[in-house]
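S.K.: Residue numbers (my numbering): 2 to 255.
My questions all concern the structure below.
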Ligand code: SF4
């Protein structure tokens, strides 16, 4: 069972941390309720994609406004400098490099993957080697480059033998991700892999069930899909990822 960070904006018990987050959680809840009614076949109220998009757009100005004041001293390179020497959890002991992330500091689209692998740890860079080649082809297929989007992980340090991070490690590292999101303010997040998707959406459902539709995180639209590493082992999943990417392109209008 995935342990969600208590510093997640919704909190583990979905209690708001402050007023703006309370408002954002209301928009989230409205969207979830309407989506549920839609899946039940409700017909008497307008639950079109346009209406759901409108609700997301209502939330967005609050997200941007709430971040404005907090952005002082939250320059991305500043955050990166601090993260590179982070020893906030046990994973600092065995890493070679903190894999902070890279790409556009103002990207509309942010990719958040599970945990760095050994190769990424060695280079201190996300998506290198064979997985990196596949990831590059994925972003090319949606007419983007590594410089037009932002790439990062839920956890910034490699885990021993690729084991899932502990609840404490997820908790400790989530602050860096929040700072990245606050600084970059992406309009869209594409989560790559089960762990990243579960944490961002706060769901324990498997990735097969989560992928293929949008969720909301603080007014940012989140689309979960499979991690490139899984595609290398299960080529038949590439078709699903392509369907997800087509949905992303259509929604982003690219
Ligand atoms: S995993 Fe995150 S919190 Fe833990 S040491 Fe690395 S950067 Fe710090």
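Ideal Cβ placement from N, Cα and C applies to all residues, glycine included.
1) Quick check: the Cα distance between residue 242 and residue 234, rounded to an integer number of angstroms?
2) Quick one: what's got a C-beta closer than 8 Å to residue 246's C-beta in the same chain, skipping five residues either side?
3) For residue 249, is the classification buried or exposed, using 16 other Cβ atoms within 10 angstroms of its Cβ as the cut-off for buried?
4) In the DSSP assignment, the alpha helix (DSSP H) including residue 246 goes from what residue to what residue?
5) Select from 81, 252, 222 the residue whose C-alpha is nearest the C-alpha of residue 189.
6) Inspect the beta-carbon positions of residue 200 and residue 155 and report whether they are closer than 8 Å.
7) Roughly how many whole angstroms lie between the Cα atoms of residue 169 and residue 84?
8) What is the residue span of the beta strand (DSSP E) that residue 225 lies within?
9) What would DSSP say about residue 192, mapped onto helix, strand or coil?
10) Residue 148: buried (16+ other C-beta within 10 angstroms of its C-beta) or exposed?
11) Can you grab the Cα-Cα spacing for the pair residue 198 / residue 46, in whole Å?
12) Using CA coordinates, which residue listed in 92, 232, 239 is at the minimum distance from residue 167?
13) If contacts are defined as beta-carbon pairs under 8 Å, then residue 111 and residue 185 qualify, I think. What distance do you get, rounded to the angstrom?
14) Please identify the residue among 214, 228, 181 whose C-alpha is closest to the C-alpha of residue 33.
15) With respect to 7 Å, is the separation between the Cβ of residue 155 and the closest non-hydrogen atom of the ligand SF4 below this value?
16) State the DSSP-derived secondary structure class of residue 123, mapped to helix, strand or coil.
17) Just to confirm the assignment, what range does the alpha helix (DSSP H) spanning residue 136 have?
18) Helix, strand or coil for residue 232, going by three-state DSSP, please let me know.
19) Apart from the five residues just before and just after residue 71, which ones in its own chain have a Cβ nearer than 8 Å to its Cβ?
20) Going by CA-CA distance only, name the one from 224, 159, 134, 108 that's closest to residue 123.
M.R.: Working from what's here:
1) The count along the chain shown starts at 1 and reaches residue 242 at position 241. The count along the chain shown starts at 1 and reaches residue 234 at position 233. Near 14 Å, if we compare the C-alpha coordinates of residue 234 and residue 242.
2) Locating residue 246 in the chain shown gives position 245, where the first residue counts as 1. Cβ within range, chain order: 139, 142, 143, 226.
3) On the chain shown, position 248 is the one that residue 249 refers to. Burial call: buried.
4) To locate residue 246, count along the chain shown from 1; it is residue 245. It spans 239 to 253 - the alpha helix (DSSP H) in which residue 246 sits, taken as one unbroken run.
5) Indexing the chain shown from 1 puts residue 189 at position 188. For residue 189, the nearest C-alpha among the options comes from 222.
6) Reading the chain shown from its first residue, position 199 is the one you call residue 200. Reading the chain shown from its first residue, position 154 is the one you call residue 155. Their beta carbons are under 8 Å apart, which means residue 200 touches residue 155 by this criterion.
7) Along the chain shown, read from residue 1 onward, the residue named residue 169 stands at position 168. Along the chain shown, read from residue 1 onward, the residue named residue 84 stands at position 83. Near 17 Å, if we compare the C-alpha coordinates of residue 84 and residue 169.
8) The residue given as residue 225 occupies position 224 in the chain shown. Residues 221 to 226.
9) Start at 1 with the first residue of the chain shown, and residue 192 comes out as number 191. It is a strand residue.
10) On the chain shown, position 147 is the one that residue 148 refers to. Answer is exposed; the Cβ neighbour count stays below 16.
11) Here residue 198 is taken as the residue at index 197 of the chain shown, counted from 1. Here residue 46 is taken as the residue at index 45 of the chain shown, counted from 1. The alpha-carbon atoms of residue 198 and residue 46 are separated by roughly 30 Å.
12) On the chain shown, position 166 is the one that residue 167 refers to. The option with the nearest alpha carbon to residue 167 is 92.
13) Start at 1 with the first residue of the chain shown, and residue 111 comes out as number 110. Start at 1 with the first residue of the chain shown, and residue 185 comes out as number 184. So it is a contact: roughly 6 Å between Cβ atoms.
14) Taking the first residue of the chain shown as 1, we reach residue 33 at position 32. Of 214, 228, 181, the residue nearest in Cα terms is 214.
15) For the purposes of this step, residue 155 is identified with residue 154 of the chain shown, where counting begins at 1. Residue 155 Cβ: outside cutoff for every heavy atom of the ligand SF4.
16) Here residue 123 refers to the residue found at position 122 of the chain shown. DSSP places residue 123 in helix when its eight states are reduced to three.
17) One-based indexing of the chain shown puts residue 136 at position 135. First-last of the alpha helix (DSSP H) with residue 136: 130 to 142.
18) On the chain shown, residue 232 is found 231 positions in, with the first residue counted as 1. Residue 232 falls in the helix class under three-state DSSP.
19) The sequence position of residue 71 within the chain shown is 70, counting from 1. For residue 71, the predicted structure reports a pLDDT of 44, less than 50, and the residue's modelled location is therefore unreliable. The matter cannot be settled from this model.
20) Position 122 of the chain shown, counted from the first residue, corresponds to residue 123. Checked all of 224, 159, 134, 108; the closest Cα to residue 123 is 159.
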